[in-house]
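Residue numbers (the UniProt record's numbering): 1 to 563.
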C-alpha cells in the first residue's frame, strides 16, 4: 500500500477521502488487468466525489450522520488502492479469480456508498441532526416544540435506516422502537414523515436482527388505528414479508408478525392472499405450539380471516376446528376469546360444522368458559357461540338440556350491549317449543326483553322484539307482556317509520298477538299505533294492514257498545 494511505485517519474528513480518491484514480490509470471493471469504478468515484462535496457543503464534516459513512468510505477507498496496486501486474499474487471477486466487491461497496450519500443529500435533517439532545430536552418543552422534536428525530432515524452498515441500522431501529413505544402520537408523526415505506424495504434485509426489529416497528404502527391505512397501502409486498416471518421467523418475530397481520386481515383480498400463501397453516401451527401470547395473536388473525367464505376451504384442509377448540380449552383468556370468535365465524351458516363442533366437545367447552368468565364483558363471544349453535334445532335441544336457559336469561340485563343482543338472539332459537317458551316466561324473560325494546341501539331493539314475537306464541307469556308497564308502548314506538333499519314485522307480530284484548287495543291507539300503521300500510309492510284493521274495528265496537 502507498505510504500516503498507510494509516486511516481516526476521524476521516471529506478532505481525507478526497486524497484517497485521487490516489485511487492515479493507481487505476496503471492497472493491467480487469481494465473494464476498473474503468467502471473510476466512473463511480467521480459520482461519489460529486455527492460527497454536495453533502459536505450542506452538512459539513461534523454531521453525526456522516461519521460511520466517512469511516466506511475511507476503509473502502484504502482497500481499493491496495487492490488497484496489485492489478498493476498481469499475475496478481492471489490469482485472477480471487482478484476479480475482490474488484467486484469494491464496485458493489461504492454503489452502496453512493446510494447512502444520495439518501443523505435528499434528507432534510442536516440542520436538525443535533437532535441527539432530543431525549434530554423533550420532557421540558411545550407540546408544539415536543412535536417538532419528534419530527426531527423521526426524519433523522428515517435517514439512518437507509444508510450505513447493518449495525448502524440496528441501532437506528432500537431508537425508533423507543420513540414509537413512548407515545401513540409519536407513531402518527413518524408515519407522516414516511417511516412505513422505509421499514417495508428493510424487510428485504438478510439480517434476522434487522427483520425482527422492523416487524416490531410495523406491529406497533398497526396498533394505532389511524395509521393502519398506510400499512394497507403497501399491499402484497408487506403481506408477503410478514407471511415469510410467520413461517420461518423467530418466536418474537412470529408474534409481532401476527400483531401486524391482525390489522391487515380485514379485507377479502388480503384474506385470499394469506390463505393462498399458506398463512392459515402457519397460524394454526402457532396456535398449537406457539407461546401463550403468540397463540392469542395468531387466533386473532384467524378470527378475522374466518369471516370470509373464500378462505374456508383452507381452514377445513388443516382440521382447524379441532385445533381452535383445543386452544379454547387451554389458552390464555385472550386466546380463548379469539379462538371461540374464530369458530363462531367459521361455523356460522354451516349446520354440518355446528354438529361437528358439538360432537367434538364444543358445548362442554362453551359451558366451562361461561362458568369461568370473571365478568359479563368476557362473555360476549361465548354468548354469540351459544346463539350460533342454538340455530341448529338438534343442538338447541342439547343446550336446553344442559341448563343454558338460566345462563342466557341471566345476562339479559347485564351492562354489556353485545352480550344482551347475543343473549336475546340465542333465546329466539332456544325457545323452539311451547314448553321452553313457558319456562322462559316463568324465568322473567318477558320483562327483561320488554326493557330492551327501549334500548338505544337498533340491534338491541330488534333482537328483543324478534324473541318476544316468538315467545308470544304461548298464551301465558302474552298475559305477562300485557301487564308490563311499558311493554305495549315500547312495541308501538318501534312501528314508527322514522325508526330506521329495524324490521317492523316483529313489533307487528307482538301487537297482533294481543290485539284481541280491549285494554291492549286502547293502549295501542293511545300511543299512536294507528298513525304509524297507516304509513306502514302505504309502504306495504307485511301484517300492518291486518293490525290496522283490528284497531279500527275496535273503535267501531266502542261506538256501538251497549250502555
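Cβ coordinates follow ideal geometry from the N, Cα and C atoms, glycine included.
C-beta atoms of residue i and residue j nearer than 7 Å
i	j	result
residue 358	residue 388	no
residue 467	residue 412	no
residue 14	residue 52	yes
residue 474	residue 523	no
residue 27	residue 103	no
residue 536	residue 544	yes
residue 550	residue 515	yes
residue 520	residue 478	no
residue 31	residue 84	yes
residue 268	residue 308	yes
residue 226	residue 260	no
residue 183	residue 224	no
residue 193	residue 154	yes
residue 547	residue 508	yes
residue 243	residue 217	no
residue 365	residue 328	yes
residue 207	residue 263	no
residue 341	residue 311	no
residue 246	residue 213	no
residue 48	residue 114	yes
Alpha-carbon spacing of residue i relative to residue j, whole angstroms
i	j	result
residue 348	residue 335	20 Å
residue 160	residue 281	37 Å
residue 455	residue 424	13 Å
residue 435	residue 510	19 Å
residue 382	residue 518	42 Å
residue 367	residue 171	50 Å
residue 314	residue 270	14 Å
residue 20	residue 204	32 Å
residue 540	residue 495	13 Å
residue 118	residue 253	31 Å
residue 446	residue 417	18 Å
residue 564	residue 344	Because the chain here runs from 1 to 563, residue 564 falls outside it and cannot be looked at.
residue 370	residue 362	12 Å
residue 162	residue 399	60 Å
residue 415	residue 506	24 Å
residue 420	residue 460	7 Å
residue 441	residue 472	10 Å
residue 409	residue 443	8 Å
residue 385	residue 116	55 Å
residue 236	residue 352	34 Å
residue 325	residue 283	14 Å
residue 198	residue 158	7 Å
residue 300	residue 534	48 Å
residue 41	residue 277	42 Å
residue 93	residue 79	15 Å
residue 249	residue 317	24 Å
residue 485	residue 458	21 Å
residue 469	residue 491	10 Å
residue 251	residue 338	20 Å
residue 476	residue 330	44 Å
residue 430	residue 211	51 Å
residue 322	residue 289	14 Å
residue 74	residue 43	18 Å
residue 136	residue 181	Because the pLDDT at residue 136 is just 43, under 50, the model does not fix this residue reliably, and the point stays unresolved.
residue 502	residue 493	12 Å
residue 200	residue 390	45 Å
Nearest to residue i (by Cα), restricted to the options the options
i	options	result
residue 392	373, 432, 309 and 274	432
residue 17	354, 221 and 76	76
residue 219	255, 201 and 185	255
residue 305	273, 326 and 289	273
residue 209	169, 226, 197 and 194	169
residue 463	486, 504 and 442	504
residue 481	181, 451, 379 and 261	451
residue 121	177, 166 and 54	54
residue 12	24, 34 and 72	72
residue 360	397, 390, 319 and 338	319
residue 241	202, 150 and 251	202
residue 196	181, 179, 238 and 403	238
residue 346	378, 377 and 303	303
residue 33	179, 323 and 96	96
residue 377	448, 112, 39 and 422	422
The segment 171-189 touching the segment 229-236, judged by at least three CB pairs closer than 8 Å:
no
Stretch pair the segment 321-334 + the segment 287-295: three plus CB contacts closer than 8 Å
yes
Across the segment 87-100 and the segment 108-122, are there enough close Cβ pairs to call them in contact, namely three or more that are closer than 8 Å?
no
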